[in-house]
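Number of protein chains: 2
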Amino acid sequence: KSIEKMLSENQEHFLIPAEMVANVQENNFLDHALLVLTKVRYAKIPVLDNDYKFKGLLSLSMITETMLGLDELDVSKLHEIYVKDVMETDMPTIQDPYDIENVLHLLVDHPFLSVVSNDGSFTGIVTRRELMKSLNHIAH
Amino acid sequence: KSIEKMLSENQEHFLIPAEMVANVQENNFLDHALLVLTKVRYAKIPVLDNDYKFKGLLSLSMITETMLGLDELDVSKLHEIYVKDVMETDMPTIQDPYDIENVLHLLVDHPFLSVVSNDGSFTGIVTRRELMKSLNHIAH
Ligand SMILES: Nc1ncnc2c1ncn2[C@@H]1O[C@@H]2COP(=O)(O)O[C@H]3[C@@H](O)[C@H](n4cnc5c(N)ncnc54)O[C@@H]3COP(=O)(O)O[C@H]2[C@H]1O
Ligand SMILES: Nc1ncnc2c1ncn2[C@@H]1O[C@@H]2COP(=O)(O)O[C@H]3[C@@H](O)[C@H](n4cnc5c(N)ncnc54)O[C@@H]3COP(=O)(O)O[C@H]2[C@H]1O
Chain A
1 KSIEKMLSEN QEHFLIPAEM VANVQENNFL DHALLVLTKV RYAKIPVLDN DYKFKGLLSL
61 SMITETMLGL DELDVSKLHE IYVKDVMETD MPTIQDPYDI ENVLHLLVDH PFLSVVSNDG
121 SFTGIVTRRE LMKSLNHIAH
Chain B
1 KSIEKMLSEN QEHFLIPAEM VANVQENNFL DHALLVLTKV RYAKIPVLDN DYKFKGLLSL
61 SMITETMLGL DELDVSKLHE IYVKDVMETD MPTIQDPYDI ENVLHLLVDH PFLSVVSNDG
121 SFTGIVTRRE LMKSLNHIAH
């Protein structure tokens, strides 16, 4: 039985639903976003809009980048810049139900994939950890 | 042929050698470490001592945690705190040659593993990406 067949038999378990995913709003200021990312400690999290539509991804380095001044670190700008001004927007997303072969391929370069429905609504994420747990299971 | 057998045939390719791994020194101040992490954009990197011995791991959230004041964000402390004061030290490490079954198991909960020799010298890292490339290859 191929690896992909074994994985697709498990695939309903891969999705971490939206309510369990830390996120920020695109119209938050960076000082608020810094606080959220510091507290949840995830490296990168989804950015949503007011209607819970998926808009992009945000990490702490995108925020600290704006703090690098000519001579010293400057936090004052963080209350003037929006998440949407610095977030990443060129990431791939997947739909549900997903093509496991496509997911395996994308997870090589992305630690997680955002699952987004046709109308742009954020429904959850699929992570490398969930896949690796499955593979570990298959390998034993 | 089992997955593990196929993976161990590839394992000499898993190691990313120390010279290609971004790192900071345990005696650096946090402002310097923040600059390094912002520029390299890796989520978490190894911490070494003066003799290139492996000491721990550092991420931006460990640094920004120290900036959270009572009312506002405070960068001044970053020039007074050392990397070794905030770094993570309870991570597992692996040796070379590694037991692929152990590596698969540890990579479920760790995005990368530091390879450390008997005398504590840092020799490189094994990442989830390298493993997933191998698995993608096997699955086709
Ligand atoms: N609070 C926690 N509890 C248990 N284990 C934890 C953890 N925080 C991190 N880890 C472990 O560290 C890995 C890397 O997390 P990171 O935050 O860099 O990278 C994460 C993060 O950017 C994102 N992510 C995962 N779960 C999330 C969530 N609930 N909310 C927001 N983002 C999440 O997906 C990436 C890959 O996650 P994955 O689970 O494959 O891999 C995770 C997991 O194995
Ligand atoms: N500059 C870059 N070029 C190409 N792809 C990039 C990249 N930066 C990040 N990625 C992609 O994003 C994944 C997560 O990177 P992250 O920095 O959160 O988490 C990384 C980072 O904490 C560490 N790491 C990887 N390579 C490193 C290096 N050369 N120096 C220091 N740390 C490294 O191992 C974790 C897992 O790395 P992995 O390769 O499995 O997975 C990487 C890789 O697929």
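The listed protein sequences correspond, in order, to chains A and B. Note that the numbering used here has the first sequence beginning at 1, numbered continuously upward. Note that the numbering used here has the second sequence beginning at 1, numbered continuously upward. Where a beta carbon is used, it is the ideal one built from N, C-alpha and C, also for glycine. These numbers were taken from a predicted model, which means no experiment stands behind them.
Simplified DSSP assignment, three categories, for residue i
i                 : result
Glu88 of chain A  : strand
Leu113 of chain B : strand
Val21 of chain A  : coil
Leu107 of chain B : coil
Ile16 of chain B  : strand
Rounded separation between residue i and residue j - CA only
i                 : j                 : result
Pro92 of chain B  : Met132 of chain B : 20 Å
His110 of chain A : Leu106 of chain B : 19 Å
Ala139 of chain A : Gly124 of chain B : 26 Å
Asn136 of chain B : Asp74 of chain B  : 45 Å
Glu72 of chain A  : Pro97 of chain A  : 48 Å
Val116 of chain A : Pro17 of chain B  : 37 Å
Val40 of chain B  : Asn50 of chain B  : 21 Å
Tyr42 of chain A  : Arg129 of chain A : 13 Å
Tyr52 of chain B  : Pro46 of chain B  : 10 Å
Glu4 of chain B   : Glu19 of chain B  : 28 Å
Asp119 of chain A : Gln95 of chain A  : 11 Å
Asp99 of chain B  : Asn28 of chain A  : 46 Å
Proximal residues to residue i (C-beta, below 8 Å), its chain only, five neighbours per side dropped
i                : result
Ile63 of chain B : Leu30, Ala33, Leu34, Leu37, Leu78 and Val86
Met67 of chain B : Leu73, Asp74, Val75, Lys77 and Leu78
Check: residue i C-beta below 7 Å from any heavy atom of ligand 3
i                : result
Ala43 of chain A : Among the ligands present in this structure, namely ligand 1 and ligand 2, ligand 3 is not found.
For residue i, the residue or residues it bridges with in DSSP
i                 : result
Lys44 of chain B  : B:Ser59
Gly124 of chain A : A:Pro17 and A:Val115
Thr93 of chain A  : A:Ser114
Leu68 of chain B  : B:Leu73
Close Cβ partners of residue i (< 6 Å) along its chain, the five nearest in sequence each way excluded
i                : result
Leu60 of chain B : Leu37
Proximal residues to residue i (C-beta, below 7 Å), its chain only, five neighbours per side dropped
i                 : result
Phe122 of chain B : Ala18, Pro46, Leu48, Tyr52, Lys53, Phe54, Ser114 and Val116
message: Using a Cβ distance threshold of 8 Å, determine whether the region 18 to 30 of chain B contacts the region 51 to 58 of chain A, with at least three qualifying pairs required.
response: Taking a cut-off of 8 Å on C-beta distances, the region 18 to 30 of chain B does not touch the region 51 to 58 of chain A, as fewer than three cross pairs fall below it.
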